[in-house]
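**Student:**
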Amino acid sequence: MSPNLLRIILDRDVSLGYSFTTPQKSPLVGASNGLPKSPFFERAKPQYEDLDASAFIHVKDPGCKGDGSTDDTAAFQAVLDAYGNSGSVIFVDSGTYILTDTVTVAPGTRIVGEAWPQLAASGAKFSNPKYPCAMFKVAARA
438 MSPNLLRIIL
448 DRDVSLGYSF
458 TTPQKSPLVG
468 ASNGLPKSPF
478 FERAKPQYED
488 LDASAFIHVK
498 DPGCKGDGST
508 DDTAAFQAVL
518 DAYGNSGSVI
528 FVDSGTYILT
538 DTVTVAPGTR
548 IVGEAWPQLA
558 ASGAKFSNPK
568 YPCAMFKVAA
578 RA
C-alpha cells in the first residue's frame, strides 16, 4: 500500500468512530426553551370518535369509479362541491381515480383515504410541461 493512500485512510476520522461537535448558529436551530434539544412542532393524528359513521362520505358511493380507466373528474368534483367544508369527512376509497381537469377543494374540507388511493392527473390538460396545470386548487368554487 502506498504511503499516500495509507495517510488518506488514516485521516478519515469518521470511519474510526470519532465524533465531532459542530457549532450551529442560533438562527438555524431556534430557541431551545431550556430543553436539551430544540422543540419540534408536533400534531396528533386526527381522531374521529366524536363523529357518527354517517359523517364519512365515500367517494365511490356518489359515483366515482376509481378503476384506473374511467374519468372521475366530474364525480370527484361533485362530491367536493356537495360535502366539502360541511363538517363531513370525504373518504377516498382505495383505487386509482383519473382526473382530467383541475379539481377545486373548498378551504376547510377534510379528505382522508384508505391505503393507497391514487389520484392520477391524465389527459391533454396535464401533458404539456411548458404549461403546467395544478391537479388540485384550494379555493372557493366560482
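Heads up, the working numbering is the position in the sequence shown plus 437, with the first residue counted as 1.
Glycine residues also receive a C-beta, built at the ideal position from the N, C-alpha and C atoms.
Since the model is a prediction, treat every value here as computed from it, not as a measurement.
1) If I'm right that F493 touches V526 with Cβ under 8 Å, what's the distance once you round it to whole angstroms?
2) Would you mind reading off the limits of the beta strand (DSSP E) that contains D508?
3) Please tell me whether F573 and V540 are closer than 7 Å, where the distance is taken between their beta carbons.
4) Taking the alpha carbon of L556 as the reference point, which residue from L488, A490, S491 and D504 has its own alpha carbon closest?
5) For G545, count neighbouring C-beta atoms within 10 Å of its own C-beta (all shown protein chains included) and say buried if the count is 16 or more, exposed if not.
6) Less than 7 Å between C-beta atoms, sequence neighbours within five positions excluded: which residues of the same chain meet that for T507?
7) Quick check: is any heavy atom of the ligand HEM less than 6 Å from the C-beta of A511?
8) Report the three-state DSSP secondary structure of K562 (helix, strand or coil).
9) Assuming A543 and L517 are in contact, meaning their beta carbons sit under 8 Å apart, how far apart are those beta carbons, in whole angstroms?
10) Tell me the DSSP secondary structure of Q484 in three-state form.
11) Can you tell me whether D509 is buried or exposed, with buried defined as 16 or more other CB within 10 angstroms of its CB?
12) Can you tell which of E479, T533, G524 and N565 has its C-alpha closest to the C-alpha of D487?
13) On the CB-based measure, 16 or more other CB atoms within 10 Å of its CB, does K497 come out buried or exposed?
14) What residue range does the beta strand (DSSP E) around T533 cover?
**Tutor:** Checking against the coordinates, here is how it stands:
1) Here residue 493 corresponds to residue number 56 of the sequence shown, with the count starting at 1. Here residue 526 corresponds to residue number 89 of the sequence shown, with the count starting at 1. Correct: roughly 5 Å between the Cβ atoms.
2) Stepping through the sequence shown from its first residue, residue 508 is reached at position 71. Where D508 is concerned, the enclosing beta strand (DSSP E) stretches over D504 to D508.
3) Position 136 of the sequence shown, counted from the start, is the residue given in the question as residue 573. Position 103 of the sequence shown, counted from the start, is the residue given in the question as residue 540. In this structure, V540 lies closer than 7 Å to F573 by Cβ.
4) Along the sequence shown, one-based indexing puts residue 556 at 119. Of the candidates L488, A490, S491 and D504, the one whose C-alpha sits nearest the C-alpha of L556 is D504.
5) Along the sequence shown, one-based indexing puts residue 545 at 108. Label assigned to G545: exposed.
6) Here residue 507 refers to the residue found at position 70 when the sequence shown is read from its first residue. Excluding positions up to five away in sequence, the list reads I535.
7) This structure does not include the ligand HEM; it has no bound ligands of any sort.
8) Translated into positions along the sequence shown, residue 562 becomes position 125. Note: K562 maps to helix in three-state DSSP.
9) Within the sequence shown, residue 543 is the residue found at index 106, counting from 1. Within the sequence shown, residue 517 is the residue found at index 80, counting from 1. That pair is a contact at about 7 Å.
10) Translated into the one-based positions of the sequence shown, residue 484 becomes position 47. Note: Q484 maps to coil in three-state DSSP.
11) For the purposes of this step, residue 509 is taken as the residue at position 72 of the sequence shown. Per the 10 Å Cβ criterion, buried.
12) In the sequence shown, the residue the question calls residue 487 occupies position 50. Among E479, T533, G524 and N565, the Cα nearest to that of D487 is on G524.
13) Within the sequence shown, residue 497 is the residue found at index 60, counting from 1. Result: buried.
14) The sequence position of residue 533 within the sequence shown is 96, counting from 1. Its beta strand (DSSP E) spans residues G532 to L536.
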